[in-house]
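For reference, the structure discussed in these notes is given below.
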Amino acid sequence: MDRKRDDGEMGGTAGRPAGNLEFFAVDVFCGAGGTTRGLIDAGGYVVAGIDKDARCRQTYIENNRNRFLDNAPPEFLHRDIFPADKRHPGGQQAALIEDLDRIIPRFRKQGWRVPWLFAICAPCQPFTRLARKELSRKRKVGRQLDRHLLCEAVKLVERYMPELVLSENVQGIGDPKYGGVWEDFRQSLEALGYVTGAKVVCTSRFGIPQYRKRSILLAVRRDVAREDRYVDSKGVSLLVPEADPDASTVSVCEAIGHLPPIKAGVLHPEIPNHRARDLSLLNQRRLAAAKPGQSNAYMADTPNGDLSLKCHRRVNRKLGTRCFTDVYTRMHPDRPSPTITTKCHSISNGRFGHYDVKQRRGISLREAAILQSFPEDYVFYPTHQIEPIARMIGNAVPPKLASFYCRYLVRSIEPAVVFRGRTGRTSVSPRRRSSRSVPRSS
């Protein structure tokens with residue numbers, strides 16, 4: 069665990085003004101910190117980030133110093149959110165609750181009158197499609213179990229009752245084939261006294277230079293929610309914006325065109341993470357013949373002959389149509405990028421070739437991070453590696469997306485609400501909860 073802070077280290081006493089501090093937050097499933105950066109940019113103070121992958125720790129801690137109070141980074145809680153049992157012998161839920169019971173009251177008792185927000189952006193892999201041969205039996209079982217992560221996160225919401233909840237996941241998480249986990253999560257929050265809303269949105273409509281469709285779920289405790297945020301007068305659900313009205317569409321060229329050119333496999337000496345994966349001579353020849361934005365049909369007729377893949381030709385003949393048309397291709401410079409995935413470093417896994425025809429390479433890790441809306445000084449560690457960093461970048465919630473919805477949630481609280489800083493409660497008595505509830509964790 070990271071160093072524990074004393075109350076005196078938080079840079080103030082009870083009731084001291086906190087500047088423009090808008091909320092306190094806990095980032096569940098924080099990863100490398102995309103959501104946390106969005107929370108901080110939205111005026112929040114993130115008290116803790118939770119993740120079971122210790123490889124994210126350095127990137128998370130070194131890039132996410134809070135801007136209020138003690139200006140310290142969040143505590144990185146290396147914990148597995150599941151309770152320890154036969155299915156999850158490594159579960160650490162009890163220890164995690166001990167951690168949060170230590171951290172959250174310490175901030176609540178200081179007297180800052182601001183709401184609390186829990187960000188719950190569970191790993192998306194259990195809800196994405198992969199070829200069966202790509203997953204071992206052990207990984208398949210693990211992903212099946214990981215579909216219950218949201219259910220476990222609800223226990224934390226019930227224990228601490230934050231005023232606000234933000235959740236983001238893949239577009240298809242609401243598909244019934246995943247067992248209704250998204251709807252169950254939503255109903256569990258509603259049973260605890262939250263009004264919720266959900267939408268599928270595209271990140272390009274939020275000033276992010278990337279086409280990336282994501283499921284968004286927002287929740288506000290009913291006792292503090294503004295009535296004009298309801299979809300209708302009955303207050304059944306919460307309005308969820310599908311775009312940032314102040315944002316314009318950003319193209320790939322606008323986002324990364326200023327970065328200096330590099331060669332495949334070479335790390336730029338001054339710009340951290342500005343490194344593209346090395347390419348074979350054959351793949352360099354493929355990219356040399358590729359034009360920005362076109363399909364890979366070009367590979368059948370290049371100055372170096374037919375460079376298409378035999379396996380692709382077989383599938384195309386069998387199905388009677390061209391398949392896998394985005395691999396070994398270049399991005400279009402004047403449009404947002406395709407979805408940045410954990411394989412964004414590989415031109416054989418999507419349209420990840422750099423648009424500049426003078427550069428025979430895929431996009432660099434730095435470019436991928438920018439297309440995800442990370443700031444350019446956000447350094448991913450270990451800097452000499454490619455695949456671990458690509459996973460961090462591809463798995464991240466775009467900071468700009470998180471920031472927009474955090475600001476929206478904070479503005480969804482009734483202005484007349486007065487927060488009692490020392491108790492963490494509001495001056496408005498919460499309405500009676502539904503009888504349907506989630507069992508409190510031990």
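Basically the numbering used here = 1-based index in the sequence shown + 68.
The C-beta atom is built at its ideal place from N, Cα and C for all residues, glycine as well.
| Query | Result |
| --- | --- |
| Spatial neighbours of T410 in its chain, beta-carbon cut-off 7 Å, leaving aside the 5 residues before and after | A458, R459, G462, N463 |
| Straight-line Cα distance separating N417 from L107 | 31 Å |
| Check whether R345 and S405 have beta carbons under 8 Å apart | no |
| Assigned exposure category for I422 - 16 Cβ within 10 Å defines buried | Looking at the sequence provided, one finds His at residue 422 rather than Ile. It counts as buried. |
| CA nearest to the CA of Y228, picked from D252, C189, K267, P183 | P183 |
| Continuous beta strand (DSSP E) stretch holding W250: start and end | Segment 249-259 is the alpha helix (DSSP H) holding W250; no beta strand (DSSP E) there. |
| Cα-Cα separation between P173 and A140, rounded to whole angstroms | 17 Å |
| For I481 and V292, the rounded distance between their alpha carbons | 5 Å |
| Any 3 or more C-beta pairs closer than 8 Å across the region 165-181 and the region 223-243 | yes |
| Where E143 sits in the DSSP three-state scheme | strand |
| Backbone CA spacing between L185 and R254 [nearest angstrom] | 16 Å |
| Exposure of A59, with buried meaning 16 or more beta-carbon neighbours within 10 Å | Since the first residue shown for the chain is 69 and the last is 510, residue 59 is missing from the structure and cannot be characterised. |
| Local Cβ density within 10 Å of D148, reported as buried at 16 or more and exposed below that | buried |
| Nearest-angstrom Cα separation, counted from R382 out to P443 | 43 Å |
| Length of the line joining the Cα atoms of K267 and E310 | 7 Å |
| Exposed unless 16 or more other CB atoms sit within 10 angstroms - verdict on Q160 | buried |
| Beta-carbon gap between G275 and S316 smaller than 8 Å | yes |
| Run of the alpha helix (DSSP H) containing T127, from where it starts to where it stops | 125-131 |
| Assigned secondary structure, T409 (DSSP; H/G/I helix, E/B strand, else coil) | coil |
| Contact check, V96 vs A187, beta carbons under 8 Å | yes |
| CB contact flag (R434, N341, <8 Å) | yes |
| C-alpha gap between S471 and H336, whole angstroms | 30 Å |
| Beta-bridge pairing of K267 - partner residues as DSSP gives them | I284 |
| Those runs of the alpha helix (DSSP H) which lie wholly inside the region 334-358 and span at least 4 residues | 349-357 |
| Of the residues Q126, F150, R353, W180, the one placed nearest F487, counting alpha carbons only | W180 |
| Assigned exposure category for V478 - 16 Cβ within 10 Å defines buried | buried |
| Sufficient close CB pairs (3 or more, under 8 Å) joining the region 238-258 to the region 272-289 | yes |
| Three-state class that DSSP yields for N88 in the structure shown | coil |
| The beta strand (DSSP E) enclosing L307, as first and last residue numbers | Careful: L307 lies outside any beta strand (DSSP E) and carries neither H nor E. |
| First through last residue of the beta strand (DSSP E) which encompasses V233 | 232-238 |
| Inter-residue Cα distance where the pair is L232 and F92 | 10 Å |
| Range covered by the alpha helix (DSSP H) that runs through A116 | It is not in any alpha helix (DSSP H) - A116 instead sits in the beta strand (DSSP E) that spans 112-119. |
| D511, DSSP secondary structure in three states | Nothing about residue 511 can be reported from this structure: the residues present for the chain run from 69 to 510 only. |
| Contacts around L469, its chain only, beta-carbon distance under 6 Å, and the 5 residues preceding and following it disregarded | T271, F274 |
| Beta-carbon proximity of Q440 to G102, cut-off 8 Å | yes |
| Three-state class that DSSP yields for P456 in the structure shown | helix |
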